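Student:
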Amino acid sequence: MGSLSIEKVEHLLWLGRYVERSYTTLRFILSTYDAALDSLEGNWKGQLEELGFDASNDDPLSFFNNCLFDLSNASSLKYSMNAAYDNAVLLRDVIGTESIAYVQMAADAVDAAEVSDAPLLDLQLVLDYIMAFKGCVDDYIADDSARNIIKSGISVERLDLYTRLSFRLDRLPKETHRLAGRIDRIGIPYNKDAFKRVIACVFDQGFPENMTYERLGDLLADIAGIF
Amino acid sequence: MYENLVRHTPKINQQLARYGVKFGIYKDNVFSERLFPFDAVPRIISAEAWDVLERGLIQRVDALNAYLRDLYGDKQIIADGVVPQDFAFASSGYLPQCEGIVPPKGIYSHISGIDLVEGDDGEWYVLEDNLRIPSGASYPLVARNLCRRCDAETFRGSAIRDNRDYGERLRAVMDNVNCGGINVVLTPGRFNAAYFEHSYLAEHAGAVLAEPSELFVDNETLYFRDATANRKVGAVYRRLSDEYLDPLCFLPESLIGVPNIMSAYRAGNVAIVNAPGNGAADDKGIYYFVPKMVEYYLGEKPLLKNASTYLPFYDDDMAYVMDNADTLVIKDVAEAGGYGVVFGSTLAPEKLEELKALIRREPRRFIAQEVIDFLCLPTYIGGEMVPRKADLRAFVLSGEKTSVWPSGLTRYSREEGSSVVNSSQGGGFKDTWVLCR
Amino acid sequence: MRILSFSFETTLQFSDPVSEHSFVLRCLPKSCASQTVLDSQIIITPHTTVAAQVDGFGNLLQVGRIAEPHSEFNFISSGMVVVDTENCSAEPAHPMFLRDSSFAATSGAIRTFAADALRVACNAPAWDKAMKLSHALYEHLSYKPGATDVSTTAAEAFELGCGVCQDYAHILIAACRAEGICARYVNGLIVGEGATHAWVEVHDGDHWRGIDPTHDRAVTDEYIALSRGRDFSDCAIESGVFRGGAQQSQNVIVHVVDQASRL
Numbered sequence: 001m002g003s004l005s006i007e008k009v010e011h012l013l014w015l016g017r018y019v020e021r022s023y024t025t026l027r028f029i030l031s032t033y034d035a036a037l038d039s040l041e042g043n044w045k046g047q048l049e050e051l052g053f054d055a056s057n058d059d060p061l062s063f064f065n066n067c068l069f070d071l072s073n074a075s076s077l078k079y080s081m082n083a084a085y086d087n088a089v090l091l092r093d094v095i096g097t098e099s100i101a102y103v104q105m106a107a108d109a110v111d112a113a114e115v116s117d118a119p120l121l122d123l124q125l126v127l128d129y130i131m132a133f134k135g136c137v138d139d140y141i142a143d144d145s146a147r148n149i150i151k152s153g154i155s156v157e158r159l160d161l162y163t164r165l166s167f168r169l170d171r172l173p174k175e176t177h178r179l180a181g182r183i184d185r186i187g188i189p190y191n192k193d194a195f196k197r198v199i200a201c202v203f204d205q206g207f208p209e210n211m212t213y214e215r216l217g218d219l220l221a222d223i224a225g226i227f
Numbered sequence: 001m002y003e004n005l006v007r008h009t010p011k012i013n014q015q016l017a018r019y020g021v022k023f024g025i026y027k028d029n030v031f032s033e034r035l036f037p038f039d040a041v042p043r044i045i046s047a048e049a050w051d052v053l054e055r056g057l058i059q060r061v062d063a064l065n066a067y068l069r070d071l072y073g074d075k076q077i078i079a080d081g082v083v084p085q086d087f088a089f090a091s092s093g094y095l096p097q098c099e100g101i102v103p104p105k106g107i108y109s110h111i112s113g114i115d116l117v118e119g120d121d122g123e124w125y126v127l128e129d130n131l132r133i134p135s136g137a138s139y140p141l142v143a144r145n146l147c148r149r150c151d152a153e154t155f156r157g158s159a160i161r162d163n164r165d166y167g168e169r170l171r172a173v174m175d176n177v178n179c180g181g182i183n184v185v186l187t188p189g190r191f192n193a194a195y196f197e198h199s200y201l202a203e204h205a206g207a208v209l210a211e212p213s214e215l216f217v218d219n220e221t222l223y224f225r226d227a228t229a230n231r232k233v234g235a236v237y238r239r240l241s242d243e244y245l246d247p248l249c250f251l252p253e254s255l256i257g258v259p260n261i262m263s264a265y266r267a268g269n270v271a272i273v274n275a276p277g278n279g280a281a282d283d284k285g286i287y288y289f290v291p292k293m294v295e296y297y298l299g300e301k302p303l304l305k306n307a308s309t310y311l312p313f314y315d316d317d318m319a320y321v322m323d324n325a326d327t328l329v330i331k332d333v334a335e336a337g338g339y340g341v342v343f344g345s346t347l348a349p350e351k352l353e354e355l356k357a358l359i360r361r362e363p364r365r366f367i368a369q370e371v372i373d374f375l376c377l378p379t380y381i382g383g384e385m386v387p388r389k390a391d392l393r394a395f396v397l398s399g400e401k402t403s404v405w406p407s408g409l410t411r412y413s414r415e416e417g418s419s420v421v422n423s424s425q426g427g428g429f430k431d432t433w434v435l436c437r
Numbered sequence: 001m002r003i004l005s006f007s008f009e010t011t012l013q014f015s016d017p018v019s020e021h022s023f024v025l026r027c028l029p030k031s032c033a034s035q036t037v038l039d040s041q042i043i044i045t046p047h048t049t050v051a052a053q054v055d056g057f058g059n060l061l062q063v064g065r066i067a068e069p070h071s072e073f074n075f076i077s078s079g080m081v082v083v084d085t086e087n088c089s090a091e092p093a094h095p096m097f098l099r100d101s102s103f104a105a106t107s108g109a110i111r112t113f114a115a116d117a118l119r120v121a122c123n124a125p126a127w128d129k130a131m132k133l134s135h136a137l138y139e140h141l142s143y144k145p146g147a148t149d150v151s152t153t154a155a156e157a158f159e160l161g162c163g164v165c166q167d168y169a170h171i172l173i174a175a176c177r178a179e180g181i182c183a184r185y186v187n188g189l190i191v192g193e194g195a196t197h198a199w200v201e202v203h204d205g206d207h208w209r210g211i212d213p214t215h216d217r218a219v220t221d222e223y224i225a226l227s228r229g230r231d232f233s234d235c236a237i238e239s240g241v242f243r244g245g246a247q248q249s250q251n252v253i254v255h256v257v258d259q260a261s262r263l
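Residue numbers (this note's numbering), protein chains in the order written: chain D, 1 to 227; chain P, 1 to 437; chain V, 1 to 263.
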């Protein structure tokens with residue numbers, strides 16, 4: 001192997017991003033749901049509105065159901081998981097059938113949970129398969145460049161989601177650190193200036209307390225500009 | 001012997017789903033993917049039977065390759081009157097654009113899928129040769145892996161020949177004709193019915209999976225667009241059909257081809273696996289002549305039988321067809337796939353007369369065959385063993401030598417009594433065990 | 001016998017720049033029994049590497065690719081050819097030239113037309129039959145540029161009752177094949193100034209001989225053949241595939257001179 005077209009590079013990057021988006025979105029939905037159980041007063045939708053879910057939907061069951069399974073919403077778990085699969089299936093010669101199997105199973109598990117009478121319980125399987133996929137990426141994918149692109153995708157997605165949701169901002173430096181160690185090994189060009197601005201921002205002494213809404217927006221734009 | 005396998009059929013199918021063993025279908029213009037049902041009761045071929053099959057298949061494919069070399073070269077077999085020109089050039093798969101091109105090492109059909117059935121009389125009959133882009137080798141590969149895990153008793157120290165080296169065999173076939181550069185599997189893309197297979201075979205042959213837009217031709221050389229540098233391609237196992245391969249040579253409206261790939265091929269800078277133009281040797285009209293090709297090119301008696309076939313083109317055959325049309329299956333040579341196939345026994349008397357009149361008017365357009373009663377295999381459906389008709393696609397690989405993959409794709413029909421085994425019609429597949437003793 | 005010098009220039013103009021332009025040209029004559037190429041050259045702009053190849057029909061190809069964006073594609077071929085139409089060598093006809101092809105398939109109307117035209121000549125030799133068909137077609141069809149395009153089939157043009165040289169050639173080929181005469185399509189140039197031309201070759205049992213149905217005459221030493229095929233789609237003079245959704249316009253200048261006329 002060892003030959004990646006621009007198309008494959010894109011698919012690897014987006015595979016990483018969508019897998020991570022599925023994982024983080026699902027965990028975020030689960031914790032928001034959990035908090036809402038105790039209080040349906042006030043802002044029980046939490047930061048989920050930031051992801052573009054229907055703010056006017058006041059029925060909690062239907063709201064959470066949409067967050068999880070509404071294919072017409074690009075932020076839903078199902079949408080991300082399907083998109084992850086759509087990228088994975090184009091990469092069999094690069095990442096291998098064994099790795100794709102976990103993405104396939106995670107996508108199948110989302111479908112199964114959708115028709116289950118205890119979807120949130122069953123969705124644990126999705127988290128399990130995604131974790132297994134991440135392990136597979138580390139252990140099984142022989143092509144260094146392919147592995148690093150997926151992991152860069154994962155890192156970028158994390159930076160993006162954490163920033164978007166103002167969630168675990170204290171983890172951004174660590175994630176940025178990881179990405180810095182990897183990004184020069186993927187063998188494709190990226191926007192160095194944008195990445196340097198991200199580094200400057202998250203390693204600032206005052207971070208994250210100094211982040212205004214506006215500065216978060218700038219950071220988000222720089223993260224999006226890396227690739 | 002395979003009770004465990006049968007008992008665990010649902011589990012094996014579950015694991016097949018995990019690996020995405022699917023084929024794509026279009027229904028009402030919507031693309032969807034379906035799982036390919038696996039039946040754990042295998043087709044078992046004894047070592048003795050395989051020995052004959054193997055030699056017969058090698059002989060047949062060697063003769064077909066010789067025919068293609070001759071057809072696009074000297075045309076000696078036509079000059080000698082063994083294959084009438086009315087049949088040789090009437091085939092829609094004959095491509096004059098390929099005249100005079102000699103593929104690397106003279107191999108036209110590198111991967112041949114020969115469809116056979118076992119008759120009630122215990123004889124094997126060839127039903128069809130597929131020399132273009134036969135598919136189906138990937139499914140048994142995945143299934144075998146799972147079956148071995150499921151049933152140690154059956155496989156331990158068993159006489160079942162391992163079939164999981166297909167990827168290496170494919171790679172050897174590509175390496176043999178590689179003109180310098182990487183090996184590529186060219187797929188029309190994600191929405192092709194056999195996309196799973198394309199990607200699976202690329203993975204297992206260690207080839208790069210490419211869509212047409214990832215390839216280009218410059219200066220008589222085929223390149224893969226790597227993100228960092230363009231890489232020369234020495235052999236391309238293409239899984240898109242001839243007419244779409246090169247818009248500057250075949251259908252100009254093809255949007256999925258690689259422009260000028262034929263110029264790289266003409267110049268001898270890339271091997272195209274299988275060669276364009278092979279359709280001239282695997283259509284219904286040519287089938288009749290394949291045993292004659294074996295005698296003509298190899299000077300050997302054919303080891304494999306065709307289904308008894310009659311060409312109304314010849315007077316004796318015309319007389320036979322007119323007398324027996326009600327028991328024969330009549331095939332329109334011009335139609336592809338399952339179209340234009342009529343069983344005389346199913347026609348009302350006046351329709352049969354109409355067909356006979358048509359055959360008399362256009363004798364070259366039709367062939368007629370005896371209906372073969374083919375053997376049923378036990379199949380586990382709905383919790384019980386039931387008989388189902390099944391065929392076998394054997395894969396013959398022509399590399400440095402011609403060899404037969406000791407396995408194959410056994411497809412069975414969904415309905416009892418039906419002989420339609422196509423996966424698109426709801427049929428499933430079985431593993432094919434070739435015994436080594 | 002005549003010695004002809006030719007120059008043939010084609011310019012394609014694109015409304016927006018195109019890139020990754022792969023092309024095949026059949027714009028240079030090749031030597032055969034009835035024509036000897038003394039000298040020929042080609043210049044392509046923008047400059048690129050061009051490979052000379054021969055296709056399955058025996059035509060000379062110029063194959064290449066221009067990766068960079070460009071708004072104009074130009075090729076000029078020129079040279080000198082000795083034409084000796086009488087000297088056609090005996091060769092068998094490939095049976096494909098007797099079968100329908102995509103642009104030159106017979107239709108019921110063409111079959112009837114051919115049978116009517118040959119009613120009093122059913123035992124004539126193939127060549128005489130073909131000439132008769134050409135006469136009948138010349139009477140039936142009117143020359144009318146713009147009524148048809150490069151994708152018009154023989155049956156369509158016959159139905160319209162008009163067309164250009166390509167349509168005349170396709171219908172004559174279809175009519176000949178309907179009558180069991182092998183016929184093929186020829187692209188080329190004729191003495192004078194103007195555009196490229198198309199005509200027909202029929203097989204008289206021993207040789208391929210040219211008929212120009214647009215002028216209703218046997219081909220003379222004033223014709224330079226560039227490419228041959230079952231019909232137009234096998235042997236286009238210029239074909240290309242590129243990236244970019246541009247409008248295309250084409251300008252062709254042909255100049256063929258009989259050297260004797262200069263003396």
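Ideal Cβ positions, reconstructed from N, Cα and C, are used throughout, including at glycine. Since this is a predicted model, take the numbers as computed values, not measurements.
In the structure shown, what three-state DSSP assignment does methionine 1 of chain D receive?
Tutor: Against the first sequence, residue 1 of chain D aligns to sequence position 1. Caution applies to methionine 1 of chain D, whose pLDDT of 47 falls short of 50 and renders its modelled position unreliable; the model cannot decide the point.
Student: Pull up the distance between the alpha-carbon of threonine 220 of chain V and that of tryptophan 208 of chain V, whole angstroms please.
Tutor: Along the third sequence, one-based indexing puts residue 220 of chain V at 220. Along the third sequence, one-based indexing puts residue 208 of chain V at 208. Computed Cα separation, rounded: 13 Å.
Student: CA-CA distance, leucine 68 of chain P and lysine 75 of chain P?
Tutor: Translated into the one-based positions of the second sequence, residue 68 of chain P becomes position 68. Translated into the one-based positions of the second sequence, residue 75 of chain P becomes position 75. Between leucine 68 of chain P and lysine 75 of chain P, the C-alpha separation is close to 9 Å.
Student: With 7 Å as the C-beta to C-beta threshold (strictly closer), list the residues of the segment 65-90 of chain V near chain B in chain order.
Tutor: No chain B appears in this structure, whose protein chains are D, P and V.
Student: Mapping DSSP to helix, strand and coil, what is tryptophan 405 of chain P?
Tutor: Along the second sequence, read from residue 1 onward, the residue named residue 405 of chain P stands at position 405. Note: tryptophan 405 of chain P maps to coil in three-state DSSP.
Student: Helix, strand or coil for glutamate 384 of chain P, going by three-state DSSP, please let me know.
Tutor: Here residue 384 of chain P is taken as the residue at index 384 of the second sequence, counted from 1. Glutamate 384 of chain P falls in the strand class under three-state DSSP.
Student: Note down the Cα distance separating glycine 244 of chain V from alanine 67 of chain V, rounded to an integer number of angstroms.
Tutor: Numbered from 1 along the third sequence, position 244 holds the residue referred to as residue 244 of chain V. Numbered from 1 along the third sequence, position 67 holds the residue referred to as residue 67 of chain V. Taking the straight line joining both Cα atoms gives about 12 Å.
Student: Determine the chain P residues that contact glycine 56 of chain V at a beta-carbon separation under 8 Å, and present them in chain order.
Tutor: Position 56 of the third sequence, counted from the first residue, corresponds to residue 56 of chain V. Those within 8 Å of glycine 56 of chain V in chain P are Leu95, Pro96, Gln97, Cys98, Glu99, Gly100 and Ile101.
Student: If you reduce the DSSP assignment to three classes, tell me which class asparagine 65 of chain D lands in.
Tutor: To locate residue 65 of chain D, count along the first sequence from 1; it is residue 65. Asparagine 65 of chain D falls in the helix class under three-state DSSP.
Student: Could you name the residues of the same chain whose beta carbon sits closer than 6 Å to that of serine 107 of chain V, not counting the 5 residues immediately before and after it, in chain order?
Tutor: What you label residue 107 of chain V is simply residue 107 of the third sequence in a count that begins at 1. Cβ within range, chain order: Ala155.
Student: Check the Cβ-Cβ distances between methionine 1 of chain V and every residue of chain P, and say whether any is below 8 Å.
Tutor: Residue numbering aside, residue 1 of chain V sits at position 1 when the third sequence is read from its first letter. No, methionine 1 of chain V does not count as interfacial toward chain P.
Student: How long is the line joining the alpha carbons of aspartate 70 of chain D and serine 76 of chain D, rounded to whole angstroms?
Tutor: Taking the first sequence and counting its residues from 1, the one referred to as residue 70 of chain D is at position 70. Taking the first sequence and counting its residues from 1, the one referred to as residue 76 of chain D is at position 76. Between aspartate 70 of chain D and serine 76 of chain D, the C-alpha separation is close to 6 Å.
Student: So aspartate 93 of chain D contacts chain P; which residues on that side make the cut at Cβ distance below 8 Å?
Tutor: Here residue 93 of chain D is taken as the residue at index 93 of the first sequence, counted from 1. Simply Val185, Ser199, Ala202, Glu203, Ala207, Val208 and Leu209.
Student: What is the DSSP secondary structure of histidine 207 of chain V, reduced to helix, strand or coil?
Tutor: As a position in the third sequence, residue 207 of chain V is number 207, starting the count at 1. Three-state DSSP puts histidine 207 of chain V in coil, outside helix and strand.
Student: Note down, in chain order, each residue of its chain lying with its Cβ closer than 8 Å to the Cβ of arginine 92 of chain D, except the 5 sequence neighbours on either side.
Tutor: Indexing the first sequence from 1 puts residue 92 of chain D at position 92. Ile100, listed in sequence order.
Student: Look at the alpha carbon of isoleucine 171 of chain V and the alpha carbon of valine 256 of chain V, and state the distance between them as a whole number of angstroms.
Tutor: Stepping through the third sequence from its first residue, residue 171 of chain V is reached at position 171. Stepping through the third sequence from its first residue, residue 256 of chain V is reached at position 256. Between isoleucine 171 of chain V and valine 256 of chain V, the C-alpha separation is close to 27 Å.
Student: Between glutamine 250 of chain V and chain P, is the shortest Cβ-Cβ distance under 8 Å, so that the two count as touching?
Tutor: One-based indexing of the third sequence puts residue 250 of chain V at position 250. It does not: the Cβ of glutamine 250 of chain V has no partner Cβ on chain P nearer than 8 Å.
Student: Quick check: what's the CA-CA separation for aspartate 34 of chain D versus alanine 194 of chain D?
Tutor: The residue you call residue 34 of chain D lines up with position 34 of the first sequence. The residue you call residue 194 of chain D lines up with position 194 of the first sequence. Using only the alpha carbons, I get a separation of about 37 Å.
Student: Would you identify the three-state DSSP class for methionine 80 of chain V, choosing helix, strand or coil?
Tutor: Along the third sequence, read from residue 1 onward, the residue named residue 80 of chain V stands at position 80. The answer is strand: DSSP assigns methionine 80 of chain V an E or B state.
Student: For the segment 210-241 of chain P, which residues have a beta carbon sitting closer than 8 Å to at least one beta carbon of chain V?
Tutor: Result list: Phe216, Val217, Asp218, Asn219 and Glu220.
Student: Under 8 Å between the Cβ atoms of valine 421 of chain P and alanine 390 of chain P?
Tutor: Looking up residue 421 of chain P in the second sequence gives position 421. Looking up residue 390 of chain P in the second sequence gives position 390. The answer is yes: Cβ separation under 8 Å.
Student: Name the chain V residues whose beta carbon is nearer than 7 Å to that of leucine 71 of chain P?
Tutor: Stepping through the second sequence from its first residue, residue 71 of chain P is reached at position 71. What leucine 71 of chain P touches in chain V: nothing, since even the nearest Cβ is about 12 Å away.
Student: What distance in whole Å lies between the Cβ atoms of valine 186 of chain V and glycine 268 of chain V, which are believed to be in contact at a cut-off of 8 Å?
Tutor: Residue 268 of chain V lies beyond the stretch modelled for chain V, which goes from 1 to 263, so this question has no answer here.
Student: Since I believe glycine 279 of chain P is in contact with glycine 93 of chain P (beta carbons under 8 Å), could you give me their beta-carbon distance rounded to a whole number of angstroms?
Tutor: For the purposes of this step, residue 93 of chain P is taken as residue 93 along the second sequence, with counting starting at 1. For the purposes of this step, residue 279 of chain P is taken as residue 279 along the second sequence, with counting starting at 1. So it is a contact: roughly 2 Å between Cβ atoms.
Student: Measure the alpha-carbon distance for glutamine 77 of chain V versus valine 177 of chain P and round it to whole angstroms.
Tutor: The residue you call residue 77 of chain V lines up with position 77 of the third sequence. The residue you call residue 177 of chain P lines up with position 177 of the second sequence. For the record, residue 77 of chain V in the displayed sequence is serine; it is not glutamine. Taking the straight line joining both Cα atoms gives about 37 Å.
Student: Taking only beta-carbon atoms, is glutamate 114 of chain D less than 8 Å away from chain P?
Tutor: As a first step, residue 114 of chain D is located in the first sequence; it is residue number 114 there, counting from the start. Answer no: the Cβ-Cβ gap between glutamate 114 of chain D and chain P never drops below 8 Å.
Student: Can you say whether isoleucine 12 of chain P is buried or exposed, counting buried as having 16 or more other CB atoms within 10 angstroms of its CB?
Tutor: Taking the first residue of the second sequence as 1, we reach residue 12 of chain P at position 12. Buried: at least 16 other Cβ atoms inside 10 Å.
Student: Give the DSSP bridge partners of alanine 183 of chain V, in chain order.
Tutor: One-based indexing of the third sequence puts residue 183 of chain V at position 183. Beta-bridge pairing links alanine 183 of chain V to V:Val202.
Student: Identify, in the order they occur along the chain, each residue of the same chain with its Cβ nearer than 6 Å to the Cβ of serine 227 of chain V, setting aside the five sequence neighbours on each side.
Tutor: Here residue 227 of chain V corresponds to residue number 227 of the third sequence, with the count starting at 1. Excluding positions up to five away in sequence, the list reads Arg26, Asn59, Asn187 and Cys235.
Student: Is it true that the segment 236-250 of chain P meets the segment 138-146 of chain P, where meeting means three or more beta-carbon pairs spaced less than 8 Å apart?
Tutor: Judged by Cβ distances under 8 Å, the segment 236-250 of chain P makes no contact with the segment 138-146 of chain P, as fewer than three pairs qualify.
Student: Step through the CB atoms of chain V and report whether any lies within less than 8 Å of the CB of alanine 348 of chain P.
Tutor: Indexing the second sequence from 1 puts residue 348 of chain P at position 348. So no, alanine 348 of chain P is outside the interface.
Student: In the DSSP output, what is lysine 430 of chain P paired with across the bridge?
Tutor: Sequence index remark: in the second sequence, residue 430 of chain P carries index 430 (1-based). Partner(s): P:Asp39 and P:Thr410.
Student: For proline 37 of chain P, which residues from the same chain have a beta carbon less than 6 Å from its beta carbon, with the 5 sequence-adjacent residues on both sides left out?
Tutor: Counted from its first residue, the second sequence places residue 37 of chain P at position 37. The answer, listed in chain order, is Gly428.
Student: For cysteine 436 of chain P, count neighbouring C-beta atoms within 10 Å of its own C-beta (all shown protein chains included) and say buried if the count is 16 or more, exposed if not.
Tutor: Translated into positions along the second sequence, residue 436 of chain P becomes position 436. Burial call: exposed.
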